[in-house]
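Everything below concerns the one structure shown next.
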Amino acid sequence: MNIADRGADDIDTETVLYFVRHAHSKYEHGRELERGLSDSGKAEAMAVCRRLEKEKIEVFVSSPYQRAVETLAPLAEYAAKTIKLYDALHERLVSGEQDLGPERFAEAKRRCYEDPDYCPPGGESSRQARSRALPVIGQLLREHAGKRIAVGTHGDVLTLMLGSWDPQYDYSFWQQLSMPDVYRVRFDGMAFAGAERIRYNSSVSLEQGH
Numbered sequence: 018m019n020i021a022d023r024g025a026d027d028i029d030t031e032t033v034l035y036f037v038r039h040a041h042s043k044y045e046h047g048r049e050l051e052r053g054l055s056d057s058g059k060a061e062a063m064a065v066c067r068r069l070e071k072e073k074i075e076v077f078v079s080s081p082y083q084r085a086v087e088t089l090a091p092l093a094e095y096a097a098k099t100i101k102l103y104d105a106l107h108e109r110l111v112s113g114e115q116d117l118g119p120e121r122f123a124e125a126k127r128r129c130y131e132d133p134d135y136c137p138p139g140g141e142s143s144r145q146a147r148s149r150a151l152p153v154i155g156q157l158l159r160e161h162a163g164k165r166i167a168v169g170t171h172g173d174v175l176t177l178m179l180g181s182w183d184p185q186y187d188y189s190f191w192q193q194l195s196m197p198d199v200y201r202v203r204f205d206g207m208a209f210a211g212a213e214r215i216r217y218n219s220s221v222s223l224e225q226g227h
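All letters in the sequence shown, in the order written, are residues 18 to 227 by the numbering used here.
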């Protein structure tokens with residue numbers, strides 16, 4: 018499937034994106050932007066760095082959320098590259114000021130995946146989140162064709178983007194994501210050409226979350 022907002026049609030080079038879902042960060046309601054990694058999350062970020070060191074990644078971009086930036090930071094430092102932030106890659110907001118609690122949060126999340134237009138009070142629908150994030154990927158494919166690009170991201174946004182290219186990436190996929198998680202996604206020009214999970218050695222147990 019061709020990516021939305023594909024732009025130039027003559028791009029025929031393989032470009033590889035490494036989507037890096039952030040490592041563990043202790044949840045604190047209302048602190049989505051600034052909450053960083055836990056101690057175990059920092060150890061996981063280093064494990065991701067060690068695994069991806071030989072991938073020769075040339076471009077680094079990320080959600081502006083601190084936990085996403087901190088997960089990508091060791092690898093960017095190793096490659097002597099800076100990380101460019103894109104606000105449109107931030108995580109999908111499920112609720113506004115109200116803390117839903119685990120059970121209501123899980124139910125709202127499930128409904129968001131079942132109905133792409135369902136929007137919890139103060140939150141964002143799947144369609145809205147996907148529509149803001151995909152143009153960034155299109156821009157990266159046009160501006161950095163043929164390169165290897167690391168994208169610091171989040172569970173929901175990652176799932177929604179992958180799901181726009183392949184429907185197997187759905188709510189059940191989101192449920193089994195770990196923190197961190199890494200997917201290598203190949204594009205033939207602007208067309209999705211497949212995704213695979215990259216495994217790495219870790220001494221810290223992985224957790225699922227948001």
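Built from N, CA and C at the ideal position, the CB exists for glycine as well.
Exposure label - residue i; buried when at least 16 CB within 10 Å
i: Y217; result: exposed
i: K126; result: buried
i: G206; result: buried
i: E7; result: Residue 7 lies beyond the residue range present for the chain, which begins at 18 and ends at 227; the question has no answer from this structure.
i: R38; result: buried
i: A123; result: exposed
i: T99; result: exposed
i: G139; result: exposed
Nearest-angstrom Cα separation, counted from residue j out to residue i
i: G226; j: R48; result: Note that G226 scores 41 on pLDDT, short of 50, meaning its location in the model is unreliable and no value can be drawn from it.
i: W191; j: A97; result: 32 Å
i: L157; j: E45; result: 31 Å
i: S148; j: L175; result: 13 Å
i: F36; j: A150; result: 13 Å
i: L50; j: S80; result: 9 Å
i: E160; j: R214; result: 25 Å
i: A25; j: A208; result: Bear in mind that a pLDDT of 47 at A25, under 50, signals an unreliable position, so the number given afterwards is only what the model happens to contain. Near 12 Å, if we compare the C-alpha coordinates of A208 and A25.
i: D173; j: A146; result: 9 Å
i: R121; j: Y188; result: 16 Å
i: A212; j: H171; result: 16 Å
8 Å Cβ shell around residue i - same chain, five flanking residues per side excluded
i: Y294; result: Here the chain comprises residues numbered 18 to 227, so residue 294 is not present and cannot be evaluated.
i: F204; result: I20, E31, T32, V33, L34, L158, A210
i: F77; result: L89, L92, A93, A96, K98, T99, I100, K101, I166, A167, G169
Residues near residue i in its chain [Cβ-Cβ closer than 6 Å; skip 5 each side]
i: P137; result: V111, S112, A125
i: Y186; result: T176, L179, G180
i: E229; result: The structure shown does not extend to residue 229, since the chain spans only 18 to 227, so no value can be given for it.
i: D183; result: none
Other residues of its chain near residue i: CB distance less than 7 Å, five sequence neighbours each side excluded
i: V221; result: Residue placement at V221 is poorly supported in this model, since its pLDDT is 44, which falls under 50; the coordinates still yield a value, given next. S57, A60, E61, listed in sequence order.
i: G53; result: S42, Q83, R84, E87
i: S55; result: H41, S42, K43
i: R73; result: Inspection of the sequence shows that residue 73 is occupied by Lys rather than by Arg. Excluding positions up to five away in sequence, the list reads R165.
Given 8 Å, three or more beta-carbon pairs between the segment 51-62 and the segment 73-89: yes
Decide if the segment 117-130 is in contact with the segment 66-79; the criterion is three or more beta carbon pairs, one per stretch, under 8 Å apart. no
Taking three-plus beta-carbon pairs below 8 Å as touching, is the segment 129-140 in contact with the segment 152-167? no
Determine, using beta-carbon pairs with one atom in the segment 191-199 and one in the segment 95-113, whether at least three such pairs fall under 8 Å. no
Considering only residues of the segment 107-190, which uninterrupted beta strand (DSSP E) runs meet the minimum length of 3 residues and lie entirely inside it, listed in chain order? 165-170
Ranges of the beta strand (DSSP E) found wholly within the segment 19-97, counting only runs of at least 3: 31-38, 76-79
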